[in-house]
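Trainee:
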Amino acid sequence: MIWITIRFPIKKYYLCDKKEIKKTLKDKCLIAPNHTSAYDAPFVYMSTMFTRVRMVSLVYVFKLKLVAWAFIHAGVIKYDRDKGFDLDCFRETNGILQGNGVVAIFPQGHVMKPGEPVNKFMPGLALYSLKHHAPVIPYYYKTPNRAFHVSH
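Written out as structure tokens, the structure is:
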């Protein structure tokens, strides 16, 4: 994991005190990153390297064998949008937050195309935050990260 961080450095900007965010990550909280590419999940893991983060992903992403293997070993929670309300995902996420864990949910619900307005968020993030009194840490990538591209 360290070599990935060295090869693909992430420039972090904080809107509040950096120590507050690190303190919040030690207790239960929700991470809400923007979703601009398939590389967003690894970059969230890299930016919270010393914290166990459980991410929520759509179940159809698990159809790719290599991705499914990586996601299962990373502890990614499956969410099936076709069910309407996925009770298994809800129970697992509740259990993590009750145990003072950290969960990352992409609030847009899909990968955003460049120039697409961010005006619709899925209600799951707010539901978990209100139910568990968990703070939400927004993550925003200034530019979409791509392999072999260093942001300035």
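Residues in the sequence shown are numbered consecutively from 801, following our numbering.
The beta carbon of each residue, even a glycine, is placed where N, CA and C say it ideally should be.
A quick note: this is a predicted structure, and the numbers were derived from the prediction, not measured.
1. Pick helix, strand or coil for serine 929, following the three-state DSSP scheme.
2. Buried or exposed for phenylalanine 843, please, with buried defined as at least 16 other CB atoms from any protein chain shown within 10 angstroms of its CB.
3. For the alpha helix (DSSP H) that proline 842 lies in, which residues bound it at each end?
4. Is the distance from the Cβ of valine 902 to the Cβ of valine 853 below 8 Å?
5. Alpha carbon to alpha carbon, what distance is there between isoleucine 877 and valine 856?
6. To the nearest angstrom, how far is the alpha carbon of glutamate 820 from that of serine 929?
7. With distances taken from CA atoms, which of Lys828, Asp882, Arg881 is nearest threonine 851?
8. Smallest Cα separation from alanine 874: which of Arg881, Leu866, Asp880?
9. What first and last residue would you give for the alpha helix (DSSP H) that runs through isoleucine 872?
10. In whole angstroms, what separates the C-alpha of arginine 891 from that of lysine 822?
11. DSSP three-state call for isoleucine 831: helix, strand or coil?
12. At what residues does the alpha helix (DSSP H) containing isoleucine 905 begin and finish?
13. For tyrosine 940, is the classification buried or exposed, using 16 other Cβ atoms within 10 angstroms of its Cβ as the cut-off for buried?
14. Indicate the three-state DSSP secondary structure (helix, strand or coil) for lysine 878 in the structure shown.
15. Reducing DSSP to helix, strand and coil, say where leucine 858 ends up.
16. Please name the residue, chosen from Met849, Val859, Lys920, that lies closest to cysteine 889 on a Cα-to-Cα basis.
Mentor: Looking at the coordinates:
1. By one-based count along the sequence shown, residue 929 stands at place 129. Note: serine 929 maps to helix in three-state DSSP.
2. Within the sequence shown, numbered from 1, the residue matching residue 843 stands at position 43. Buried, since its Cβ has 16 or more Cβ neighbours within 10 Å.
3. For this step, residue 842 is matched to residue 42 along the sequence shown. It spans 840 to 847 - the alpha helix (DSSP H) in which proline 842 sits, taken as one unbroken run.
4. Position 102 of the sequence shown, counting from 1, holds the residue named residue 902. Position 53 of the sequence shown, counting from 1, holds the residue named residue 853. Result yes, Cβ atoms of valine 902 and valine 853 sit closer than 8 Å.
5. What you label residue 856 is simply residue 56 of the sequence shown in a count that begins at 1. What you label residue 877 is simply residue 77 of the sequence shown in a count that begins at 1. Rounded to whole angstroms, valine 856 to isoleucine 877 spans 5 Å at the Cα level.
6. Here residue 820 is taken as the residue at index 20 of the sequence shown, counted from 1. Here residue 929 is taken as the residue at index 129 of the sequence shown, counted from 1. If I take the Cα positions, the gap works out to 18 Å.
7. Position 51 of the sequence shown, counted from the first residue, corresponds to residue 851. Cα-wise, what sits closest to threonine 851 is Lys828.
8. Working through the sequence shown from its first residue, we reach residue 874 at position 74. Ranking Arg881, Leu866, Asp880 by Cα distance to alanine 874 puts Leu866 first.
9. Residue mapping note: residue 872 aligns to position 72 of the sequence shown, counting from 1. Where isoleucine 872 is concerned, the enclosing alpha helix (DSSP H) stretches over 865 to 874.
10. Position 91 of the sequence shown, counted from the first residue, corresponds to residue 891. Position 22 of the sequence shown, counted from the first residue, corresponds to residue 822. Distance between the alpha carbons of arginine 891 and lysine 822 is about 26 Å.
11. Residue numbering aside, residue 831 sits at position 31 when the sequence shown is read from its first letter. Strand.
12. Here residue 905 refers to the residue found at position 105 of the sequence shown. Following the DSSP letters along the chain, one finds isoleucine 905 in no alpha helix (DSSP H), marked with neither H nor E.
13. Position 140 of the sequence shown, counted from the start, is the residue given in the question as residue 940. Tyrosine 940 is classed as exposed because its beta carbon has fewer than 16 other beta carbons within 10 Å across all chains shown.
14. Translated into the one-based positions of the sequence shown, residue 878 becomes position 78. Note: lysine 878 maps to strand in three-state DSSP.
15. Numbered from its first residue, the sequence shown carries residue 858 at position 58. DSSP places leucine 858 in strand when its eight states are reduced to three.
16. Here residue 889 refers to the residue found at position 89 of the sequence shown. Of Met849, Val859, Lys920, the residue nearest in Cα terms is Val859.
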